[in-house]
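Each residue of the sequence shown is one higher than the one before, starting from 929 at the first, in our numbering. For reference, the structure is listed below as structure tokens.
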Amino acid sequence: MIAVVPILGTTEFGAIDPIDRVVALRRENRAHGREFGIHVDAAWGGYLRSLFISPAGDFRSHSDVRSEFTYFPTPAVYAAFEALCETDSATVDPHKLGFIPYPAGAYVARDRNIVNFVQQDAAYVFEPTSDDDARFRMLGQYILEGSKPGATVVSAYLTHRCVPLHQDGFGKIIANSIRSCEMFFDLAHAWAERHAGRVILAVPFEPDANIACFALNPTGNTDVRKANAFTRKVLEHLTTTRNQPVQGRDFMVSSTKLFRRQHGTNADHALTSLGLDLQTFGEPDTDHLLVLRHTLMNPWLAAKTSDGKNYLELYFDHLDAIVEAVLSI
């Protein structure tokens, strides 16, 4: 084994891997003379760490962080973030939860010498004339592609200077998005209760951060194929096509697929909750369950509109009308 790469927030479900257990596994192996690296894919969730850091730089207690939320962070999520300091390297995308324009991205390593493996030293590009110039060789020298726009580096640098990476900086922005996700989670369950007897809503993964997914199925249907067809009809009202400009949609929702071979018991639980026959799952064209995916990174989703409701409440009102239309077809 060369390395283990846990994910700190999958881009599909926002799920956070048990990094603390990976660290513990390495500790056990070291006792027997075995070693492996731990690289964290924190492309999505890297900036979430800001919530756990005080302005003084201390790692906050679980109870302190939890006091600001209803569900976040679970003990498992907290343990994963607490173990980050024992990993070797990480990739982070500021153009995601850093709210910085694409293509800002970063590779962070505990051992500065690791980046020498990807060093590109072209004489026609890099020829520093002073120590100050040498500091800036890293802007293009340690990138696999060889070069990237310098504006992305500057945007990340200035953003972090203005909005620090702790609970009173980025933490405040991201905290709002997590509270929105918690509200969304509660509203989804309330929506399911209102539609009991007509449509079933199931959440395959309880949100670890600020991405929430759910699946839909008309009550009484047991066929995965028909459930997916129903969800596609709903999605037609929540996505754009070449003939439908983005401005024509009140809400934009993406989708993803749940596979039994990848998601195991979570997939089975979702199917069972939806009233679907497990025997129809895995046949040709039915090897997945289509789910609605909601990326709730906007920190103002819980703000009241002129209608007296927030955007999350308006979304579920909108979903009411869509489902009613699809059921009547």
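In this text, a Cβ means the ideal position worked out from N, Cα and C, and glycines have one as well. All of these numbers come straight from a predicted model, not from anything done at the bench.
Discussion item. Based on DSSP bridge pairs, tell me the residues matched to Asn1041.
Written reply: As a working note, residue 1041 is residue 113 in the sequence shown. Per DSSP, none; premise fails for Asn1041.
Discussion item. In this structure, how does DSSP classify Asp969 when only helix, strand and coil are distinguished?
Written reply: Position 41 of the sequence shown, counting from 1, holds the residue named residue 969. It is a strand residue.
Worksheet item: Under 8 Å between C-beta atoms, does Arg949 make it to chain D?
Response: This model lacks chain D altogether; it includes just one protein chain.
Practice prompt. Report yes if the C-beta distance between His1088 and Ile981 is below 8 Å; otherwise report no.
Written response: As a working note, residue 1088 is residue 160 in the sequence shown. As a working note, residue 981 is residue 53 in the sequence shown. Going by C-beta atoms, His1088 is not nearer than 8 Å to Ile981.
Worksheet item: When DSSP labels each residue in this structure, what does Asn1145 get in the three-state scheme?
Response: As a first step, residue 1145 is located in the sequence shown; it is residue number 217 there, counting from the start. It is a strand residue.
Worksheet item: What whole-angstrom Cβ distance do Thr1167 and Val1181 have, given they're in contact under 8 Å?
Response: For the purposes of this step, residue 1167 is taken as the residue at position 239 of the sequence shown. For the purposes of this step, residue 1181 is taken as the residue at position 253 of the sequence shown. So it is a contact: roughly 7 Å between Cβ atoms.
Worksheet item: According to the neighbour-count rule (16 or more other Cβ atoms, all chains shown, within 10 Å of its Cβ), is Thr1015 buried or exposed?
Response: Within the sequence shown, numbered from 1, the residue matching residue 1015 stands at position 87. Result: buried.
Worksheet entry | Span of the beta strand (DSSP E), counted from its first residue to its last, around Ser1083 | In the sequence shown, counting from the first residue as 1, residue 1083 sits at position 155. Note, Ser1083: premise wrong, no beta strand (DSSP E); alpha helix (DSSP H) at Gly1078 to Cys1090.
Worksheet entry | Selection from Leu1025, Leu979 and Ala1195 that minimises the alpha carbon distance to Ala970 | Looking up residue 970 in the sequence shown gives position 42. Among Leu1025, Leu979 and Ala1195, the Cα nearest to that of Ala970 belongs to Leu1025.
Discussion item. So, for Asn1194: in the same chain, excluding its five sequence neighbours on each side, which residues have a beta-carbon less than 8 Å away from its beta-carbon?
Written reply: The count along the sequence shown starts at 1 and reaches residue 1194 at position 266. Pro1132, Phe1133 and Leu1186, listed in sequence order.
Worksheet item: When the Cα of Arg1041 is compared with those of Ser1017, Pro1022, Thr1214 and Asp1151, which residue comes out closest?
Response: Your numbering for residue 1041 matches position 113 in the sequence shown. The question names Arg, yet the displayed sequence has Asn at residue 1041. Ranking the options by Cα distance to Asn1041, first place goes to Ser1017.
Worksheet entry | Enclosing beta strand (DSSP E) for His1222 [first to last residue] | Start at 1 with the first residue of the sequence shown, and residue 1222 comes out as number 294. Start and end: His1216 to Thr1223.
Worksheet item: Which first and last residues belong to the beta strand (DSSP E) in which Thr1184 is found?
Response: Residue numbering aside, residue 1184 sits at position 256 when the sequence shown is read from its first letter. Where Thr1184 is concerned, the enclosing beta strand (DSSP E) stretches over Ser1182 to Phe1187.
Worksheet item: If we count the other Cβ atoms within 10 Å of its Cβ and call it buried at 16 or more, is His1216 buried or exposed?
Response: Translated into positions along the sequence shown, residue 1216 becomes position 288. Buried: at least 16 other Cβ atoms inside 10 Å.
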